[in-house]
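Asks: In the working numbering, the protein residues as written are 6 to 574.
Written out as structure tokens, the structure is:
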């Protein structure tokens, strides 16, 4: 029977459903998905919806250390690497935090690097672990004198002139006593998802064949150290400025911070494959990629703006008005080259009793300072106190009077000088975090005498650590300078010691080694004469162990900022 409609009849003509109606439905569905995707990304509705659609807010809770074994049986790196329980510092017990997980793909554009600093190191031979070896149950190490000193230095308050009970927010868990454990989740970013990694620290981009060094995370014994939460950091630091001050290792840490924060600007939408009909390839029109059983789409909603210059690097996160700054200061004290007494012009003179002028003018502009130094005291320099030459490093003419100050003592004096200047600055009220001396891992010599860290693929186990006398004495002098400076404090600023030295003495696997550049023809193995190739066993691969430093920075900031809010409410 033929259906017809007479002329002028207002009734609609009935047509059989066909491909046209199906296509129209698909188009409508696609438009709805696009709009819904935009709406959810721009205006996330509650944490439950965000947790489903965005991988960045997925809850990953590390249980408290009590009655928990953190060994990871599927790791070829072995089991837990636990440090002995040390004397407890003053800090609060940390609640578990939400970790950030995201699938990211951002083109890498390495920023220009500065000349690397090479340290002087006493030779040391640590025992390398065999592949697939199961580590023995941790044994307790004797307590080092440097850690005993640190107990006094990790302050919970300040002299009575500038503290109150409300300032004691870091009482409780010791962040620096614990163990390294294998985390199969891996790092929060990759060398391809962060465009600000200096090429010499881009170990994977430079051909390093192993990757497990990226997966080891630090777990304090009596609390949790959450994975770095970029959004939480930006929230805590809203409208504030954080400055990294120091040498190339400080730059290394600053770039790690930027890489971690960069991930906060990447939003990821994930939809089950079953939601879209693959036969129509809708995902191609919507810009999705297929990852296992998910359609994944990413948006970069904010790229931090580089507003710096050669003197000061500044990265601005516009949405939260957070500024990340780096200032280069090799020794943290005044540096001149003019002739003084018997020290000729051109030789670097360090005025150990005067802070770096180029640095001090900016101090009032900072809310948080992460300051560090030490390795440049292995370089040639002359030490000056009260306009008198008192010592030198790699420079002391024959016939000169005996030196009163060597490079290790000079380091301790410089720490006291710069911290005293910060703690007495009339216009500074911020938080200063002193990152303790970063250990190097040149074995069998120094950086320029055949020292090597080639082939280290996992952390040292308890009992395998060979103490480095130079690292220990530098740490001791730094802590002593810290303590002396605390006694001189007159302003309302806060000072905290982030004591990573012993913790990171176990991470000989985290350095670039011979993988310092992308040259495919570089030498990475010892030659016929047994000599190792040139390598970097001071700076840290990115991603890698150095990201833990910024997890500690975030935890210290959280304790200070949230603790103060809680005590004032």
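Backbone N, C-alpha and C define an ideal beta-carbon position, used for all residues, glycine too. Just so you know, these numbers come straight off a predicted model, no measurement behind them.
Just mark residue 537 as buried or exposed, buried being the case when its beta carbon has 16 or more other beta carbons within 10 Å.
Replies: The count along the chain shown starts at 1 and reaches residue 537 at position 532. By the 10 Å Cβ count, residue 537 comes out buried.
Asks: Report yes if the CB atom of residue 566 is closer than 7 Å to the CB atom of residue 266, and no otherwise.
Replies: Here residue 566 is taken as the residue at index 561 of the chain shown, counted from 1. Here residue 266 is taken as the residue at index 261 of the chain shown, counted from 1. No, they are not a contact pair.
Asks: Verify whether the separation of the beta carbon atoms of residue 503 and residue 438 is less than 7 Å.
Replies: Position 498 of the chain shown, counted from the start, is the residue given in the question as residue 503. Position 433 of the chain shown, counted from the start, is the residue given in the question as residue 438. Yes.
Asks: Would you check if there are 3 or more beta carbon pairs closer than 8 Å linking the region 248-261 to the region 533-553?
Replies: yes
Asks: Just verifying my parser: in three-state terms, what is the DSSP assignment at residue 491?
Replies: The residue you call residue 491 lines up with position 486 of the chain shown. In the structure shown, residue 491 sits in a helix (DSSP, three-state: H, G or I).
Asks: Use the C-beta contact count for residue 189: other C-beta atoms within 10 angstroms, 16 or more gives buried, fewer gives exposed.
Replies: In the chain shown, residue 189 corresponds to position 184, counting from 1. Flag for residue 189 reads exposed.
Asks: Taking the alpha-carbon positions, what's the residue 477 to residue 484 distance?
Replies: Within the chain shown, the letter at position 472 stands for residue 477. Within the chain shown, the letter at position 479 stands for residue 484. So the alpha carbons of these two residues sit roughly 11 Å apart.
Asks: Cβ atoms of residue 440 and residue 378: under 7 Å apart, would you say?
Replies: Working through the chain shown from its first residue, we reach residue 378 at position 373. Working through the chain shown from its first residue, we reach residue 440 at position 435. For residue 378 and residue 440, no; Cβs fall outside 7 Å.
Asks: How many whole angstroms separate the CB atoms of residue 400 and residue 338, which I take to be in contact at a CB cut-off of 8 Å?
Replies: As a first step, residue 400 is located in the chain shown; it is residue number 395 there, counting from the start. As a first step, residue 338 is located in the chain shown; it is residue number 333 there, counting from the start. That belief does not hold up - the Cβ atoms of residue 400 and residue 338 are roughly 17 Å apart, past 8 Å.
Asks: Cβ atoms of residue 211 and residue 520: under 7 Å apart, would you say?
Replies: Walking along the chain shown from the start, residue 520 turns up at place 515. Walking along the chain shown from the start, residue 211 turns up at place 206. Annotated as proximal: residue 520 and residue 211, with beta-carbon spacing under 7 Å.
Asks: Starting from residue 358 and walking both ways along the beta strand (DSSP E), at which residues does that stretch end?
Replies: The residue you call residue 358 lines up with position 353 of the chain shown. It spans 354-360 - the beta strand (DSSP E) in which residue 358 sits, taken as one unbroken run.
Asks: Using 8 Å as the threshold, is the region 396-410 in touch with the region 458-466, meaning 3 or more CB pairs across them?
Replies: no
Asks: What's the call for residue 260, buried or exposed, on a 16-neighbour Cβ count within 10 Å?
Replies: Taking the chain shown and counting its residues from 1, the one referred to as residue 260 is at position 255. Buried, by the Cβ-count rule.
Asks: Thinking residue 429 and residue 494 are a contact (beta carbons under 8 Å), I'd like their distance in whole angstroms, please.
Replies: Here residue 429 corresponds to residue number 424 of the chain shown, with the count starting at 1. Here residue 494 corresponds to residue number 489 of the chain shown, with the count starting at 1. Contact flag correct, Cβ pair sits at about 7 Å.
Asks: Would you say the region 196-207 touches the region 524-538, given that touching needs at least three Cβ pairs under 8 Å?
Replies: no
Asks: Taking the beta strand (DSSP E) that residue 410 belongs to, which residues open and close that run?
Replies: As a first step, residue 410 is located in the chain shown; it is residue number 405 there, counting from the start. It is not in any beta strand (DSSP E) - residue 410 carries neither H nor E in the DSSP assignment.
Asks: CA-CA distance, residue 222 and residue 365?
Replies: Translated into the one-based positions of the chain shown, residue 222 becomes position 217. Translated into the one-based positions of the chain shown, residue 365 becomes position 360. Their backbone Cα atoms lie some 35 Å apart in a straight line.
Asks: I'd like to confirm something about residue 182: is its beta-carbon nearer than 6 Å to some heavy atom of the ligand GTP, or not?
Replies: Annotation note on the ligand GTP: not contained in the displayed structure, which lists no ligands.
Asks: Alpha carbon to alpha carbon, how far is residue 406 from residue 230? Give it in angstroms, no decimals.
Replies: If you number the chain shown from 1, residue 230 lands on position 225. If you number the chain shown from 1, residue 406 lands on position 401. Rounded to whole angstroms, residue 230 to residue 406 spans 51 Å at the Cα level.
Asks: Does the beta-carbon of residue 492 have 16 or more other beta-carbons within 10 angstroms, so that it is buried, or is it exposed?
Replies: Here residue 492 refers to the residue found at position 487 when the chain shown is read from its first residue. Within a 10 Å sphere around the beta-carbon of residue 492 sit fewer than 16 other beta-carbons, which makes this residue exposed.
Asks: Which residue or residues does DSSP assign as beta-bridge partners of residue 454?
Replies: Stepping through the chain shown from its first residue, residue 454 is reached at position 449. Per DSSP, none; premise fails for residue 454.
Asks: With contact counted as at least three CB pairs below 8 Å, one residue from each stretch, are the region 410-424 and the region 368-388 in contact?
Replies: yes
Asks: Please work out which residues of its chain come closer than 7 Å, Cβ to Cβ, to residue 563, disregarding the five sequence neighbours upstream and downstream, and give them in chain order.
Replies: Along the chain shown, read from residue 1 onward, the residue named residue 563 stands at position 558. Cβ neighbours of residue 563 beyond the five flanking positions: 241.
Asks: With the cut-off set at 7 Å, would you say residue 329 and residue 320 are in Cβ contact?
Replies: Numbered from its first residue, the chain shown carries residue 329 at position 324. Numbered from its first residue, the chain shown carries residue 320 at position 315. Yes, these two residues count as a Cβ contact at 7 Å.
Asks: Which of the three DSSP states, helix, strand or coil, is assigned to residue 527?
Replies: As a first step, residue 527 is located in the chain shown; it is residue number 522 there, counting from the start. Looking at residue 527 - three-state DSSP - the assignment turns out to be coil, as it is neither helix nor strand.
Asks: Give me the Cα-Cα distance between residue 472 and residue 516, rounded to the nearest whole angstrom.
Replies: Translated into positions along the chain shown, residue 472 becomes position 467. Translated into positions along the chain shown, residue 516 becomes position 511. When rounded, the separation of the alpha-carbon atoms in residue 472 and residue 516 is 18 Å.
Asks: Note the first and the last residue of the continuous alpha helix (DSSP H) segment covering residue 260.
Replies: As a working mapping, residue 260 is identified with position 255 in the chain shown. Its alpha helix (DSSP H) spans residues 253-267.
Asks: Thinking C-beta only, is residue 549 closer than 7 Å to residue 219?
Replies: As a position in the chain shown, residue 219 is number 214, starting the count at 1. As a position in the chain shown, residue 549 is number 544, starting the count at 1. A contact, by the Cβ cut-off of 7 Å.
Asks: Let me know if residue 456 comes out buried or exposed under the rule of 16 or more other beta-carbons within 10 Å of its beta-carbon.
Replies: As a position in the chain shown, residue 456 is number 451, starting the count at 1. So residue 456 counts as buried.
Asks: Pull up the distance between the alpha-carbon of residue 171 and that of residue 540, whole angstroms please.
Replies: Position 166 of the chain shown, counted from the first residue, corresponds to residue 171. Position 535 of the chain shown, counted from the first residue, corresponds to residue 540. With a pLDDT of 32 at residue 171, under the threshold of 50, the predicted position of this residue should be treated as unreliable, though the coordinate-derived value follows. Near 47 Å, if we compare the C-alpha coordinates of residue 540 and residue 171.
Asks: Give every residue of the same chain whose Cβ lies closer than 8 Å to the Cβ of residue 434, excluding the five residues on either side of it in the sequence, and list them in chain order.
Replies: Locating residue 434 in the chain shown gives position 429, where the first residue counts as 1. Once the five neighbours on either side are set aside, the close Cβ partners of residue 434 are 496, 497, 498.
Asks: Which residue comes first and which comes last in the alpha helix (DSSP H) that contains residue 236?
Replies: Stepping through the chain shown from its first residue, residue 236 is reached at position 231. 235-241 is the span of the alpha helix (DSSP H), which, as asked, contains residue 236.
Asks: Straight-line CA distance for residue 487 to residue 535?
Replies: Numbered from 1 along the chain shown, position 482 holds the residue referred to as residue 487. Numbered from 1 along the chain shown, position 530 holds the residue referred to as residue 535. If you draw a straight line from the Cα of residue 487 to the Cα of residue 535, it comes to about 42 Å.
Asks: Span of the beta strand (DSSP E) holding residue 375?
Replies: Locating residue 375 in the chain shown gives position 370, counting from the first residue. Looking at the DSSP string, the run of the beta strand (DSSP E) that includes residue 375 is 373-376.
Asks: Thinking just about the alpha-carbon of each residue, which of 247, 489, 235 is nearest to the one in residue 425?
Replies: Here residue 425 corresponds to residue number 420 of the chain shown, with the count starting at 1. Taking only the C-alpha atoms, the option nearest residue 425 is 489.
Asks: DSSP has residue 503 in a bridge; who is on the other side?
Replies: Within the chain shown, residue 503 is the residue found at index 498, counting from 1. Paired residues: 440.
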